[in-house]
Amino acid sequence: MATAFRPRVGEDDNPQRDKRMTLAEHLVELRKRLIIAGIALVVGMVLAFFLTDAVIWAMTEPIRLVAERRGNDELVSLMYQNVTGPFDMRLRIAFAVGIIISAPVWLWQIWAFLVPGLTRKEIRYTIGFVAAAVPLFFAGCYVGWLVMPHIVEIMAGFTPEGASNMFEARYYYDFVFKLLVVIGVSFVLPVFLVALNLAGVMSGRAILGGWRVAILVAVVFAGLATPAADIVSMLLLAGILVVLFFAAAGLSMIFDRRRAKRDAAMLAQAPGSLS
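In this text, residue positions in the sequence shown follow the UniProt record's numbering: the first is 1, and each later residue adds one.
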């Protein structure tokens with residue numbers, strides 16, 4: 001008579017893994033994760049507020065370069081429209097930089113909520129997730145920072161001769177930080193594909209099967225994130241995203257093979273698994 005298959009001792013050493021959480025328990029867990037992420041964001045904002053002068057100087061460098069090339073600082077400058085504008089911009093900068101500074105914490109909270117009840121082996125995967133996601137997020141922000149001056153210069157280049165190009169501070173800073181955060185998050189998306197694979201939601205073949213859609217999305221996203229006139233930046237960004245996608249698909253297929261071999265070995269060693 002066939003008997004129920006049981007994992008080997010140490011294969012799944014977390015009894016919480018087999019427990020199904022109720023909707024209320026999921027909501028409690030979500031609230032806890034959101035509170036931790038929120039506290040980390042507030043701390044990051046406080047730290048970032050003291051860095052706003054340096055950030056403002058770095059972000060306005062492309063504007064100064066455009067003004068220098070045009071030979072008239074009065075034609076290209078940053079403009080605040082009201083008395084509270086400068087302080088409001090500092091708060092916006094502190095919020096955006098706070099998101100980047102607190103990225104290790106809120107990325108960890110996202111992963112911890114998606115994959116509850118981890119075994120020791122999966123905890124190692126969790127550490128690997130954070131170790132991969134955080135550098136990729138910062139790498140994406142850095143790539144956005146590299147392409148940002150080219151975007152500003154190209155867009156300002158369409159200003160007619162003799163006309164003024166007054167960059168409204170609020171929209172300029174929003175544009176820069178949205179660009180950095182969006183590209184940073186896009187670099188992390190392949191890591192979430194691997195996370196879905198480890199959670200058993202998607203197989204490596206299923207991820208790889210969407211390669212055409214992934215390439216199309218990467219090209220469209222790169223086209224939206226960079227100006228149409230800057231083809232080099234668009235191709236560079238799209239190429240990086242495509243490489244990251246295929247790397248995620250390859251890792252997922254490797255994990256699938258290892259999981260299949262492990263399951264087959266455990267099934268063969270299970271006593272009385274076949275009658």
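All C-beta atoms in this analysis are idealised placements derived from N, C-alpha and C, irrespective of residue type, glycine included.
These numbers were taken from a predicted model, which means no experiment stands behind them.
- prompt: Is it right to say Ala57 is buried, meaning 16 or more other beta carbons lie within 10 angstroms of its own, or is it exposed?
  reply: Residue identity check: residue 57 is Trp in the sequence provided, not Ala. The residue is exposed, with fewer than 16 neighbouring Cβ atoms inside 10 Å.
field: Option in Ile100, Gln109 and Phe245 with minimal Cα separation from Thr126
entry: Closest option to Thr126, Cα to Cα, is Gln109.
Beta-carbon contacts of Tyr171 that lie in its chain and below 6 Å, excluding the five residues immediately before and after: None.
query: Leaving out the 5 sequence neighbours to the left and right, which residues in its chain are closer than 8 Å to Val191 when beta-carbon positions are compared?
result: Same-chain partners within the cutoff: Phe129, Ala132, Ala133, Leu136 and Ala248.
message: Please state whether the Cβ-Cβ distance between Ala94 and Met45 is less than 8 Å.
response: Yes. Within cutoff.
- prompt: Buried or exposed: which applies to Trp211, given that a residue is buried once 16 or more other Cβ atoms fall within 10 Å of its Cβ?
  reply: A residue is called buried once 16 or more other Cβ atoms fall within 10 Å of its Cβ, and Trp211, having fewer, is exposed.
query: How would you write the range of the alpha helix (DSSP H) that Val219 sits in, first residue to last?
result: In the DSSP annotation of this structure, the continuous segment of the alpha helix (DSSP H) that includes Val219 starts and ends at Trp211 to Ala225.
query: Going along the chain, which residues of its own chain have a beta-carbon closer than 7 Å to the beta-carbon of Gly223, five neighbours each way excluded?
result: Sequence-distant Cβ neighbours of Gly223 in its own chain, meaning closer than 7 Å and more than five residues away, are Met234.
field: Cut-off 6 Å between Cβ atoms - residues of its own chain near Ala218, not counting five sequence neighbours on either side
entry: Hits under 6 Å: Ala238, Leu241 and Val242.
- prompt: Considering only residues of the same chain and omitting the five flanking positions on each side of Val42, which have a CB-CB separation below 8 Å?
  reply: Cβ neighbours of Val42 beyond the five flanking positions: Gly98.
- prompt: Are Val105 and Ala40 closer than 8 Å when you measure CB to CB?
  reply: Taking 8 Å as the Cβ cut-off, Val105 and Ala40 qualify as a contacting pair.
- request: Assuming Leu179 contacts Ala225 (C-beta within less than 8 Å), just tell me the rounded distance between them.
  value: Yes, they are in contact, since the Cβ atoms of Leu179 and Ala225 sit about 6 Å apart, within 8 Å.
query: Counting along the chain, where does the alpha helix (DSSP H) carrying Ser233 start and finish?
result: For Ser233, the uninterrupted alpha helix (DSSP H) segment begins and ends at Ile231 to Gln269.
field: Distance CB(Ala156)-CB(Val232) smaller than 8 Å
entry: No, Cβ-Cβ distance for Ala156 and Val232 is not below 8 Å.
query: Of all the options Ile215, Tyr173, Val188 and Phe167, which has the alpha carbon lying nearest to the alpha carbon of Val55?
result: It is Tyr173.
query: Looking at Arg205 and Met253, is the spacing between their C-beta atoms short of 8 Å?
result: A contact, by the Cβ cut-off of 8 Å.
For Phe158, the three-state DSSP class (helix, strand or coil): When DSSP states are grouped into helix, strand and coil, Phe158 belongs to the coil group.
- request: Report the residue from Ala37, Gln81, Lys32 and Leu91 whose alpha carbon sits nearest the alpha carbon of residue 298.
  value: Any answer about residue 298 is impossible in this case: the structure gives the chain only from 1 up to 275.
query: Between the beta-carbon of Ile207 and the beta-carbon of Leu198, is there less than 8 Å?
result: Taking a C-beta distance under 8 Å as the contact criterion, Ile207 and Leu198 do not qualify as a contact pair.
message: Taking 8 Å as the threshold (C-beta atoms), are Ala96 and Val181 in contact?
response: The answer is yes: Cβ separation under 8 Å.
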